[in-house]
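To start, the structure itself, in C-alpha cells.
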Amino acid sequence: MSGRHSGSARRSGSAVIWAVVALVAVVVVVGGFFGVQAVRASGANSCDSLDTVSLAVDTSIAEPVQRILAQAGEVERGCVNFEVRAERPTDTATEIAGTDDGRPDLWIPDSTLWLLKTLRSTGALPELAKTSVANTLPVLVSKSDAVPVTDTWLSVLQLPGQRIGDPLTSSASNAAILGALAESEVAISDAKAVSAALVPMAQDFGRIADAPHDTPDLVAQVAADGGTSVATEQALLAYEADNPGSALAESVPPTGSYFLNYPLAVTAPAGPEYDRVKQAGAALGSVLATASAADTLVAVGFRTSSGTPLPDGRGVGSVASLEIKNPLSIETTLRDWAVLALPLRTLVVEDVSGSMAAKSGDSTRIALTVDASIGANSLFSDQTQMGLWAFSIGLGGGKQDYRELVPMGEADGTFNGKSQRDAILDSIRGLPGLVGGGTGLYDTTLAAFRRVKEGYDPNYVNSVIILTDGANEDEGSISLDQLLASLQQEQDPVRPIVIITVGVTGDADPVALQQISAVTGGTSYVAEDPRDIPDVFVKALNSRTERLAGE
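In this text, residue positions in the sequence shown follow the numbering used here: the first is 23, and each later residue adds one.
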C-alpha cells in the first residue's frame with residue numbers, strides 16, 4: 023500500500039466548468055431517459071436486434087468500462103452493442119474536429135476540459151449524457167522514504183527535477199498546473215510565481231519531449247530511479263497492484279487537488295441518427311451508475327462519480343476539490359505552456375560601462391546586476407543555447423564595443439573545460455572587473471543581432487537579450503535611426519530574431535530601447551532596481567507567448 027498524505031475534506035467534483043454545460047446535460051439525460059424507458063416498458067426480456075454505437079474511452083478507464091458492459095444484459099444496455107475503442111483524448115479530439123468517419127458516437131475522456139477543446143475546434147459543445155462516470159485526482163508520487171514537503175501545487179511545480187507529462191495531452195499534468203492556478207485565484211499562491219515556475223518546466227519538457235510522458239510510465243520511472251512525478255491516484259494504485267513492494271508514496275498538498283471527472287458525452291454529428299445515439303448514451307450512463315459498475319471501478323483504483331474516498335485505506339483519502347473560477351485562464355495557461363516549451367537560443371549582452379559602478383543602495387549597479395543575472399540564469403533549461411557578451415566603448419579593441427565572453431552553445435555543453443552554464447556564470451561573476459568607459463549600445467546591438475542570425479536555428483526561438491543602464495554614448499557609432507533601419511531591413515520574417523531590452527534603473531534610455539525591441543517584434547522592460555532583473559527575465563520569457571499567439 024502506498025504512503026498517504028492528504029488534505030482536508032473534499033467538496034463534490036471539480037465542476038466549475040460544468041456550469042457551462044449543465045442545462046444541456048439535463049436536456050440530454052431527461053430526453054434519453056424516456057427513450058430508454060420506452061424500450062423497457064415494452065415488457066421485453068430480450069432484444070430482437072442490437073443497435074451499434076461507437077464509444078471512444080480514455081485509455082486509463084477503457085478496460086473496466088469494457089468489463090462493465092460485458093457483464094450488463096442486452097436490455098440493460100438499451101439493446102445497444104457498444105463498440106469500445108481505447109484512445110488518448112488528443113486522438114479522439116482530433117477525430118471529432120475532422121470531417122472523416124472516424125469520430126465516435128459517444129466519448130468518455132478523463133476530463134471535461136477536453137469537451138471545451140472540441141468547442142474551440144468545432145464551434146459546438148458536446149452534450150453530456152452523464153457529468154461523471156468516475157473520478158480520480160492528480161497526486162505527487164515519490165519513494166516512501168523520500169516524500170517531499172509541499173504546501174501547495176505551486177511548490178510541487180517548483181520541485182527540482184520534477185517529472186511531469188505534457189499538459190497539452192495529459193490531464194494529470196494539466197490538473198497539477200490548474201491546481202496552482204486555482205490556488206492563485208484565492209491568493210494561496212502568487213500568480214506571478216506560477217508563471218515563473220512554468221518557464222523552466224516547459225523548457226525542460228521540450229528537451230525531453232521524446233521521453234515517456236504517459237502517467238503509468240512516470241510512476242514506473244519514480245519506482246526505478248526515485249525523484250518525484252505527477253500521476254493520478256488510480257495510476258499509482260494500478261502500478262502497485264502489478265508491482266507489489268514498490269515502496270512508493272502518494273501525497274497531495276493540503277490545499278486540495280483538481281479532480282478528473284470522466285464525463286460521458288454525445289459526440290455524434292447532428293443529423294437523423296443523433297437522437298438514437300442520445301438514447302444509447304443515456305442507457306450507457308445508467309449502466310455505469312449501477313452498484314456493480316461502481317465496484318468494478320473502485321477495484322481498479324477509481325473513485326465513484328461522487329468522489330468518495332476509496333475504501334480500505336487505499337489512496338490519499340479525503341481531499342478538497344480545487345476549482346478554477348475563470349475558465350479562460352485555463353486556455354491562456356496551456357497556450358503559454360505550448361510556447362514556453364519551444365527551446366530558446368539567446369545571446370545575453372551585458373553593459374559594463376563606467377556608470378554601472380554607480381551606487382545603488384548599499385551596493386553598486388554592477389554588483390546587483392551580477393547577483394540578479396546569476397539568479398536569472400537558473401531560469402534557462404539545459405536545452406537552452408546561450409552565449410554571453412559584455413560591452414562598453416572600445417571593450418573589444420579598437421572601434422569594437424563588445425567582447426565575446428562565452429560563445430553560443432547549449433547550456434549542458436562544454437566550453438574551455440567547463441559546462442557552458444558554469445562558464446557563463448563564471449564570466450558573469452567577472453563582469454565587475456570589466457567596468458569602465460562609455461555605453462556603446464547601438465553598434466553592439468546590431469552586431470549581436472547579426473551574430474544570432476548567422477547561426478539561426480529553426481528549432482529554437484532565436485533572440486538577443488540586452489541589459490544596459492544608459493543611453494548610447496559612442497559618437498562614432500551608427501545612429502538610432504540607422505540601427506532601426508538596419509534591423510528592419512535585415513530581419514527575415516521566416517527566420518526572425520527577437521531583441522529583448524532591459525533598462526537597468528531609470529537612467530537607461532527607455533524610448534530608444536523600446537524602439538529597438540519593437541522593430542524586431544520583441545519587448546522592452548525597465549528594472550528600476552537591478553534586483554528586479556530575475557522578474558524581468560520571467561516577463562521577457564513569457565512575452566514570447568504574446569508574440570507567438572498573435573502570429
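Don't be surprised by glycine CBs; every beta carbon is placed ideally from N, CA and C.
- Query: With which residues is MET408 paired in a DSSP beta bridge?
  - Reply: THR368, GLY431
- Query: At what residue ranges does the segment 286-326 contain a whole run of the beta strand (DSSP E), taking only runs of 3 or more?
  - Reply: 286-288
- Item | Host alpha helix (DSSP H) of GLY397 (start-end) | 387-399
- Query: Just reading off the alpha helix (DSSP H) that THR74 is part of, what are its end residues?
  - Reply: No alpha helix (DSSP H) contains THR74, which is instead part of the beta strand (DSSP E) from 73-80.
- Message: Quick check: THR153 and PRO285, are their CB atoms within less than 8 Å of each other?
- Response: A contact, by the Cβ cut-off of 8 Å.
- Message: So within the segment 427-497, which uninterrupted alpha helix (DSSP H) runs reach at least 4 residues, ignoring any that extend past its ends?
- Response: 442-451, 463-476
- Item | Beta-carbon proximity list for SER400, same chain, < 7 Å, skipping 5 on both sides | none
- Message: Please state the DSSP three-state secondary structure of GLY201.
- Response: Helix at GLY201.
- Cβ distance (whole Å) where SER375 is taken to contact GLY452 below 8 Å: Not a contact, Cβ separation roughly 16 Å.
- Proximity winner among VAL161, PRO429, ASN481, MET223, relative to PHE281 (alpha-carbon distances): VAL161
- How is ASP358 classed by DSSP in three states: helix, strand or coil? helix
- Query: Excluding the five sequence neighbours on either side, which residues of its own chain have a C-beta within less than 8 Å of the C-beta of ASN494, listed in chain order?
  - Reply: Only THR461, GLY462, LEU463, TYR464, LEU502, ASP531, ALA534 meet the Cβ criterion.
- Sorted by chain position, which residues of the same chain lie with C-beta nearer than 8 Å to GLN243's C-beta, five sequence neighbours on each side aside? Residues ARG185, PRO234, GLY249, SER251 of the same chain have their beta carbon placed closer than 8 Å to that of GLN243, with the five preceding and five following residues left out of the count.
- Three-state class that DSSP yields for ALA60 in the structure shown: Confidence at ALA60 is low in this model, with a pLDDT of 34, below 50, so its placement is unreliable and no value can be given for it.
- Item | Straight-line Cα distance separating ALA321 from ASP334 | 11 Å
- What did DSSP end up calling GLN180 once you bin it into helix, strand or coil? coil
- Item | Coil, strand or helix - GLY376 by DSSP | helix
- Use the C-beta contact count for SER273: other C-beta atoms within 10 angstroms, 16 or more gives buried, fewer gives exposed. SER273 should be labelled buried.
- Is GLU98 helix, strand or coil by DSSP? In the displayed model, GLU98 falls within coil according to three-state DSSP, outside both helix and strand.
- Item | Proximity to SER328 [Cα-Cα], best of VAL457, LEU159, ILE519 | Looking at the Cα atoms, LEU159 is the closest of the given residues.
- Task: Please list, in chain order, all residues of the same chain as SER414 whose beta carbon is under 8 Å from its beta carbon, the five residues on each side excluded.
- Result: ASP373, VAL374, SER375, GLY376, ASP423, LEU456, VAL457, GLY458, GLY459, GLY460, THR461, GLY462
- Message: Taking its Cβ as the centre, do 16 or more other Cβ atoms sit within 10 Å of VAL163, making it buried, or is it exposed?
- Response: Buried: at least 16 other Cβ atoms inside 10 Å.
- Message: Whole angstroms are fine: how far does the CA of LEU150 sit from the CA of ASN103?
- Response: 20 Å
- Query: Got a sec? Which residues, its chain only, sit under 7 Å from GLU315 by beta carbon, not counting five neighbours each side?
  - Reply: At residue 315 the sequence reads Ala, which differs from the Glu that was named. Cβ within range, chain order: ILE90, VAL309.
- Can you tell me where the alpha helix (DSSP H) with THR250 in it begins and where it stops? From DSSP, THR250 is part of no alpha helix (DSSP H) but of the beta strand (DSSP E) over 250-254.
- Measure from the alpha carbon of ASP404 to the alpha carbon of each residue in VAL520, ARG110, GLY183, PRO515, then state which is nearest. Minimum Cα-Cα distance from ASP404 among the listed residues VAL520, ARG110, GLY183, PRO515 corresponds to GLY183.
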